[in-house]
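FYI, in the numbering used here the residues of the sequence shown are 3 to 528. Following: one structure in structure tokens, then a few remarks.
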Amino acid sequence: MKNKDWFPGLFAIGYLLLNVIFTSKVFSLSHDSILYFWEILERYFVLHPHHLLFCPTMTFGSDLLTNIGFQSTQFAVNFINSIATTSTLVIIYFILRNNLGLNLFTARIAVLLCAFSYANWFYAINIETYQLPLVFVFASVYMITKRSLSTSDIILAALFGGIAVLFHQLHALMGLVVVLYLALTGLKSNFTKIIIFSAIFNFVWIAGYAIALYILGYDTFDKVSYWFFLYHHEANSWSGFGVQFFIKPLIGIIRSVVSIHGLLIEGQMSSMLFRMFAEKDLSDDAFIVRNMRTFDFVLYLTMIISLFATIFYVFGSQIKSIARVFSTNSRYLFFVIFMLIYAVFFLFWDPTNMEFWIPQSILFWICFAVLVGKITPKKRAMILAIGAVVLLFMLNFRYTILPASKIENDLYYTEVSEAMQYLPENSIIVYEMEWIAHKYYKIFSPFEFVIPDSLNSQITDFTLKQYINDMNQQGNTVAVKSLVVESQAEWDENEKSEHEKVMFGITSFYIFKPDSVGKAEYFKQN
């Protein structure tokens, strides 16, 4: 009688419990989290073209969980992402065991490495869009890589793949992966399967988008094309050829595997990274490790060097056998195609963003586990494999997962919290933009939040000086971000010095209070 494999169930319980205990309370690290949280809280049911079903699904899902006893919407959404990630990892385990025929040790090590890989783990405990579609991506992979591929398997693979696209547009690439795999493994024998898969896969996502367009009322080509390719219009994320063409993807894949927060502990290293990533503000990343010291930095370097030494040793020692190992099973070809197509696309599209390398990082760890399993003697293979799991866990847990479980490590929440301690409830916050900070102030404070550009479009002959004076006259304190004041040509240094300058978190504000008539009159005259 075959022994029952308890690993999937025990792993699922343990991983979920770990994620529940250390669920993220920090929005700032994943940037868009606070926006999604706001949309879910306000029940906007946003139909975003790049992750169409995310907001409606999370809104309904969090409603269900809060109705049965979950205390927090944030925790409910994080829990759904944890369920999704755990499900994905269990599916991966069955792919490795049932479809690829890997032994227990290799399959278990692969799943543990995927579980603690940085981006995959980090987004499992955050409000983000990347984890839900992976369930359907790997469900599709499971069906396609079965040892005997039936028509029903193709239909299910296409359905799962189409649903994945509706959860995140980037997984349209999966359609190309499957078609190419079927063509390369026998175009003649798989021709009908290719037609069936393509028809159903495309029908599912096209039908989903057609329904969304009907709901939104977009009925012209210009409206549809602008909405469908929204990110292309809002930001140029394409990466051209140049010196950094291969460096940027390397940064992306490394960030998807390990937390870089330990590097931000040391001053000179932190300054260098701030310069390297000038287009991506690392202030929130540095804030999470602000209380760590030299020991933590040295420990981080020791662990990350040990981890990469292990990785290089495994791949280096097995480099001659890689082709032989992967030629033993035709289904390995699917994973090679999967890795190549996703990787090639993200060489060009926003290559430093770790979230776009999550599928590739999963495939990387599967490859690592397969190769480490070939090392002899077996005792050495076990030490290397378990060592890699422990190092990966410790790096990502100590330097991101653990500090992210404490809300006081959220840069913007700290700013809002300190502002609430200092300012009266009828205060007005003036910021230069509303992307992240606006939602924090709306959710966590009683303050009104304004930006000068918005006021300028609403008020004839608007000047910020006059607006502040009018608000002071009505009894409101106005806190203006110093960046806004310093960008205004109408202010000189003498005027600035008349008003208190205060730090909330790491952001400085000029405070314009209604309690000094003399100052208000002076300010008005100028």
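Beta carbons: idealized from backbone N, C-alpha and C, even for Gly.
Query: Residues sharing a beta bridge with His53, DSSP; Result: His50
Query: Ala201 burial status per 10 Å Cβ neighbour count (16 or more: buried); Result: exposed
Query: Other residues of its chain near Ala214: CB distance less than 7 Å, five sequence neighbours each side excluded; Result: Leu49, Leu54
Query: Backbone CA spacing between Trp351 and Val504 [nearest angstrom]; Result: 40 Å
Query: The region 377-396 in contact with the region 103-120 per 3-pair CB rule at 8 Å; Result: yes
Query: Cutoff 6 Å; reference Met473; Cβ partners in own chain excluding five residues on either side; Result: Ile430, Val480
Query: Reference Gln320; option with closest CA among Pro58, Phe96, Thr378; Result: Thr378
Query: Residue environment, His263, which counts as buried when at least 16 other CB atoms sit within 10 Å; Result: buried
Query: With 16 other Cβ atoms within 10 Å as the buried cut-off, status of Pro405; Result: buried
Query: Closest Cα partner of Thr312 within the set Phe370, Leu365, Leu284, Arg295; Result: Phe370
Query: DSSP state of Phe248 mapped onto helix, strand, coil; Result: coil
Query: Lys515 in three-state terms, based on DSSP; Result: coil
Query: Leu12 versus Thr88, Tyr211, Leu161, residue with shortest Cα-Cα distance; Result: Thr88
Query: Proximity below 9 Å, CB of Ser64 to CB of Ala126; Result: no
Query: Cβ neighbour criterion (16 or more within 10 Å) applied to Asn21; Result: buried
Query: Sequence-distant residues of the same chain with beta carbon closer than 6 Å to Ile1, five excluded per side; Result: Nothing about residue 1 can be reported from this structure: the residues present for the chain run from 3 to 528 only.
Query: Cβ contact (3+ pairs, closer than 8 Å) linking the region 249-268 and the region 276-296; Result: yes
Query: Asp117: first and last residue of the uninterrupted alpha helix (DSSP H) it sits in; Result: For clarity, residue 117 is Ala in the given sequence; the question names Asp instead. Run containing Ala117: 106-118, per the alpha helix (DSSP H) assignment.
Query: Opposing strand residues paired with Lys483 [DSSP bridges]; Result: Phe511
Query: Enclosing alpha helix (DSSP H) for Phe310 [first to last residue]; Result: 296-319
Query: Integer Cβ distance of Leu485 from Ser30, believed to fall under 8 Å; Result: Rounded, the Cβ-Cβ distance is 18 Å, inconsistent with contact.
Query: Cβ pair count under 8 Å reaching 3, the region 133-150 against the region 165-173; Result: yes
Query: For Glu450, three-class secondary structure by DSSP; Result: strand
Query: With 16 other Cβ atoms within 10 Å as the buried cut-off, status of Ala491; Result: exposed
Query: First and last residue of the uninterrupted beta strand (DSSP E) at Glu502; Result: 502-506
Query: Among Arg45, Ile217, Ser332, Ser152, nearest to Pro51 - alpha-carbon criterion; Result: Ile217
Query: CA-to-CA distance, Phe248 to Ser456, given in whole angstroms; Result: 40 Å
Query: With 16 other Cβ atoms within 10 Å as the buried cut-off, status of Ala36; Result: The question names Ala, yet the displayed sequence has Ile at residue 36. Buried: at least 16 other Cβ atoms inside 10 Å.
Query: Other residues of its chain near Ala14: CB distance less than 7 Å, five sequence neighbours each side excluded; Result: Thr88, Val92
Query: Nearest neighbour of Ala78, chosen from Thr147, Phe506, Thr25, Ser258 [CA to CA]; Result: Thr25
Query: Close-in-space but distant-in-sequence residues of the same chain around Thr222 (CB under 7 Å, 5 per side omitted); Result: none
Query: Endpoints, the alpha helix (DSSP H) within which Ile165 is located; Result: 153-169
Query: Asn528 in three-state terms, based on DSSP; Result: Interpretation of Asn528 is limited by its pLDDT of 45, a score under 50 that renders its predicted location unreliable; no figure is taken from the coordinates.
Query: Given Asn101 as reference, the closest of Asn331, Tyr46, Gly16 once Cα atoms are compared; Result: Asn331
Query: Stretch-stretch touch, CB-based, cutoff 8 Å, three pairs: the region 380-389 with the region 281-301; Result: no
Query: DSSP three-state assignment for Ile430, whether helix, strand or coil; Result: strand
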